[in-house]
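In this note's numbering, the protein residues as written are 11 to 240. Worksheet: the structure to be examined is printed underneath.
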Amino acid sequence: MDDFYIDGRGSSEFGARLLASYSVGGASLERTRVRPAAGMRFVPAGSRVGLKQLSLPVHVFGQSPRDAQQKKSALDAALLADPVELALPDGFLYTASCDEIGEVTEYSQDGCILAGSYKLSGFRHGPLETVCLPAGGGRIWVKGTAPDMECRITCTAGALSTSYLMAGILWVTVSAGDVLCLDGIHRIVTRNGENALNQCDLTRWPLLAPGENILTAPDALTVEYYPIYL
């Protein structure tokens, strides 16, 4: 039985069981306000949503003390990948980074069961969503509750153009059949699979907001994103 998954690998691969006392904290929040010299009415000046704190207590089971130690070591190594994709019993996915590996103790007298814990920072999200828009673009209804969500936008140019406006980003000298990709998830810009950051006027990565968004381009668009939940 698998209680959780690390990059698609079930916890049973490591002989691990996640304890019911695991926890996912709330997202941190940073807000800036401008207050007047007199009076109480402030002006909002920006905000930033931070990461959640995850606490994962586990028991690791082995056939022998050595086997238990080896499985615990393999679990440590899997969680040290940066970042990792976790699937937890709450039904959500988490992109996270390990901050701390807790002390290991022998839970059983024979040393075949080890107790340990991990602390991670990350964000909660759902599986990848893919939406196709017709030529000219249109409205897309975005899931999630985070104020800003990274996305990947792909478009195949239908004709030669020296000024191709795609989702508000201007490309120069685009040929018919060129596959253009603005990948805000992995922070890359490509044209036919090759780096093309210097072929457009990108100054900030495209972001989606919860609810209705409008994206335009001369040709059909494919939009991919992970709905992120606070």
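The beta-carbon is built from N, C-alpha and C at its ideal position, and this holds for glycine as well.
Give the straight-line distance between the Cα atoms of Arg-19 and Ser-173, rounded to the nearest whole angstrom.
-> 46 Å
Helix, strand or coil: which one does DSSP assign to Pro-54?
-> strand
The stretch 39-56 / the stretch 91-110 touching (three or more Cβ pairs under 8 Å) = no
Can you tell which of Met-159, Leu-170 and Cys-191 has its C-alpha closest to the C-alpha of Tyr-235?
-> Met-159
Met-176 burial status per 10 Å Cβ neighbour count (16 or more: buried) | buried
Starting from the C-beta of Leu-89, find all residues in its chain whose C-beta is less than 7 Å away, skip the five residues before and the five after it, and write them out in chain order.
-> Ile-16, Cys-108 and Tyr-128
Completely contained alpha helix (DSSP H) runs for the stretch 59-93, where each covers 4 or more residues = 75-90
Write down every uninterrupted run of the alpha helix (DSSP H) in the stretch 113-201 whose length is 4 residues or greater and which is fully enclosed by it, in chain order.
-> none
What residues are listed by DSSP as bridge partners for Tyr-235?
-> Glu-139 and Cys-161
For Asn-205, write down the residues that DSSP places opposite it in a beta bridge.
-> Thr-200
Per-residue burial, Gly-72 [other beta carbons within 10 Å of its own, 16 or more giving buried] | buried
Taking one C-beta from the stretch 196-207 and one from the stretch 122-141 each time, how about it: are there three or more such pairs within less than 8 Å?
-> no
What's the C-alpha gap between Ser-74 and Gly-35?
-> 35 Å
Arg-162, buried or exposed, once every other Cβ within 10 Å from all chains shown has been counted against 16 | buried
If we count the other Cβ atoms within 10 Å of its Cβ and call it buried at 16 or more, is Val-152 buried or exposed?
-> buried
Grab me the residues of Arg-41's own chain with a C-beta within less than 7 Å of its C-beta, minus the 5 sequence neighbours each way, in chain order.
-> Ser-57
Which whole-angstrom value describes the C-beta separation of Ala-78 and Val-68, a residue pair presumed to lie in contact below a C-beta threshold of 8 Å?
-> With 8 Å as the limit, Ala-78 and Val-68 do not qualify as a contact, their Cβ atoms being about 12 Å apart.
Close-in-space but distant-in-sequence residues of the same chain around Arg-43 (CB under 8 Å, 5 per side omitted) | Phe-52, Val-53, Pro-54 and Ala-55
Quick one: Cα of Leu-85 to Cα of Ala-26, how far?
-> 8 Å
Given that a residue counts as buried once 16 or more other Cβ atoms are within 10 Å of its Cβ, and exposed if not, what is Val-189?
-> exposed
Buried or exposed (CB count within 10 angstroms, at least 16 for buried), Ala-106 = buried
Once you ignore the five residues that flank Ala-169 on each side, which residues in its own chain have a CB closer than 6 Å to its CB?
-> Ala-186
Starting from Ser-107, follow the beta strand (DSSP E) in both directions and report where the run begins and ends.
-> 103-111
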